[in-house]
Amino acid sequence: MASQYSSFPGMDDILPGEIEKWQWLEEKTRTAFACWGFNEIRTPLLEPTELFTRSIGETTDIVHKEMYTFKDRGDRNMTLRPEMTASVARAVIQNGLLKTNKFLKLFYTGAMFRAERPQAGRKRQFHQIGAELVNLTREDDPYYADWLIVRVLINFLDYLKIKNLKFRINDLTLINGEQAELVRSKLRKYFESHKSKLDPDSVYRLDKNVLRIFDSKIETTRALIRDVPWNDIAPFSEEFLKLNKLLQEGFEGNVSFEIDRTLVRGLDYYTGVVFEVASSTLGAQDALAGGGRYDRLYEELGSTSTPCTGFSIGMERLLMVLEKNNPTAQSQMSTKSIYFASIFPNDNHAAFLKTVGASRSLTESGFRVIVAEPSPKLGDHLKRASKLGASYTVIRGDQELTEKKWTVKNMMTGDQASIPEGGLLNYLMQNTKELELP
RNA sequence: GUGGCCAUAGCUCAACUUGGUUAGAGCACAAGAUUGUGGAUCUUGGGGUUGCGGGUUCAAUUCCCGUUGGCCACCCCA
952 MASQYSSFPG MDDILPGEIE KWQWLEEKTR TAFACWGFNE IRTPLLEPTE
1002 LFTRSIGETT DIVHKEMYTF KDRGDRNMTL RPEMTASVAR AVIQNGLLKT
1052 NKFLKLFYTG AMFRAERPQA GRKRQFHQIG AELVNLTRED DPYYADWLIV
1102 RVLINFLDYL KIKNLKFRIN DLTLINGEQA ELVRSKLRKY FESHKSKLDP
1152 DSVYRLDKNV LRIFDSKIET TRALIRDVPW NDIAPFSEEF LKLNKLLQEG
1202 FEGNVSFEID RTLVRGLDYY TGVVFEVASS TLGAQDALAG GGRYDRLYEE
1252 LGSTSTPCTG FSIGMERLLM VLEKNNPTAQ SQMSTKSIYF ASIFPNDNHA
1302 AFLKTVGASR SLTESGFRVI VAEPSPKLGD HLKRASKLGA SYTVIRGDQE
1352 LTEKKWTVKN MMTGDQASIP EGGLLNYLMQ NTKELELP
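My numbering numbers the first residue of the first sequence as 952 and each following residue consecutively.
Below is the structure:
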């Protein structure tokens, strides 16, 4: 507390005790995306500022008031990435990945930066899990990629056993596509004709960006939004309705489905189907994941036309939901937690190294291992082992050293066994089997 | 960027309303009762410039102002 330096607002340390949850989530992420055939990609935290102004959109809030932008000593304009999609596109173009692959399935996890006022579920340095489908198209099914990306997202959240999710979907093809200007002017005209019922913020948005009116939380404005004559302004296509039917049928009970015409995402590059997943267990910042189709981004960045879709998930928010929703999910870890107690004299370094060697082979087999510093007091070791929630304690002292054995103590029952060197892994595998959840 | 609430030990909080000797408790930490057998109990101990700066006062953790930070909401988004 009396520390001279502290981290910047909204940029938190992740400490031991908390980090295990992150590692657990990252592991699950790798497994889940591998199953769908996605490959991981990592890109730099810093990118040319213009990459984001061009892709996300000059007038969006993210670009004009939330980016960390500065010049380096070579006078280059650099920005800490506020999101990942533009970086992935840049990397794909720069490395010519589409020249050797017809399409790409990519996923990532990493830190993003936005200079917003911190709040529940909102940090300045935050972390996302995301996926992008690049150039994946099917002639017979123009919405195939949209279907797939949503399936991957819902499947992933289901894999983590997250409950009570609200899925919303919309189609921006007309709103952001070729006829964007026409649609927007129709919308403007509609709201203009009811100007007296609009709140002041929305009157301002009328000229600046009509679509942002949909964000309003004022009831009179919301009533107007509900009555927008969508069939005249931007009717849905047959294919989009078919996609919805297909998606809805695949959802299980814990995800609700809703078509939401007011779902207008804040990044300019979206051109088609967009979607969002919200959780009621979060606070005001309830969006857990969001994404959609962006078919013009690659052209915007100087490459050839490349249809894409993707999503990103807020890791902090995901962990918050997991905590409330599924507190037992991460507890599997402790059932395979092994404490190593070395009770030979402090100066027996060779014996200690042997302990570390044994702990490595256990770690490689998926055990969570705690190696304590050597101390002759077994009582202290056992006290710590039980405090740290170890299911087994492996004891090694002068007796074991001369007999070339490990003493293994079951912390639940108190039973002890003497295991020959080399038989430790097998013994623990056998005995922790039943503890594992299916 | 705007607004509301808050700031005391590593953590959770007392004491502040009505200013008054060395700012307390629980948890956690350390040592011992117990030199190779844990979770309990008991004893003891370490730990604080009361976020920071200024003002009022004989006297400020307490009252006032500023500042920094935190939480929550707006805004926006994951």
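Just so you know, even glycine gets a beta-carbon here, dropped at the ideal spot from N, CA and C.
For T1171, the enclosing alpha helix (DSSP H) begins and ends at 1170-1177. Of the other Cβ atoms in all chains shown, fewer than 16 fall within 10 Å of the Cβ of V1307; this residue is therefore exposed. For the stretch 1231-1305, the full-length alpha helix (DSSP H) segments reaching 4 residues or more read 1248-1251, 1266-1276, 1283-1286 along the chain.
Counting along the chain, the unbroken alpha helix (DSSP H) around K1338 starts and ends at 1329-1338. Closest by C-alpha distance to K1328, out of A1309, A1341, A1292, K1360, is A1292.
Contact between M1063 and E1034 holds: their C-beta atoms lie close to 6 Å from each other, under 8 Å. DSSP places H1015 inside the alpha helix (DSSP H), whose first and last residues are 1012-1016. Assignment of E977 by DSSP, reduced to helix, strand and coil, places it in the helix class. DSSP places W1357 within a strand segment (E or B) once states are collapsed to three. Here the stretch 1222-1233 makes no contact with the stretch 1173-1187; the two share fewer than three CB pairs at distances below 8 Å. For the pair F1165 and T1222, the CB atoms are not nearer than the 7 Å cut-off. The three-state reading of DSSP puts D1097 in helix, counting H, G and I together.
DSSP assignment within the stretch 1021-1109 yields the following whole alpha helix (DSSP H) runs of 4 residues or more, N-terminal first: 1036-1045, 1048-1051. Straight-line spacing of the CA atoms in G1008 and Y1249 works out to 14 Å.
For Y1343, the pairing in a beta bridge is given by DSSP as I1289, N1361.
The C-alpha of F1077 is placed about 27 Å away from the C-alpha of N1160. In terms of CA proximity to E1354, A1302 leads the group T1257, A1302, Y1110. Under the DSSP assignment, R1216 falls outside any beta strand (DSSP E); it carries neither an H nor an E label.
The beta carbon of I1370 lies closer than 7 Å to those of K1356, W1357, V1359, Y1378 in the same chain, with the five residues before and after it left out. By the neighbour-count definition (other C-beta atoms within 10 Å, threshold 16), E978 is an exposed residue. When the alpha-carbon of F1295 is set against those of T1088, R1347, S1144, R1075, the nearest one is in R1347. The continuous beta strand (DSSP E) containing Q1367 extends over residues 1367-1371. D1122 carries a strand assignment under DSSP once its states are collapsed to helix, strand and coil. A residue is called buried once 16 or more other Cβ atoms fall within 10 Å of its Cβ, and N1046, having fewer, is exposed.
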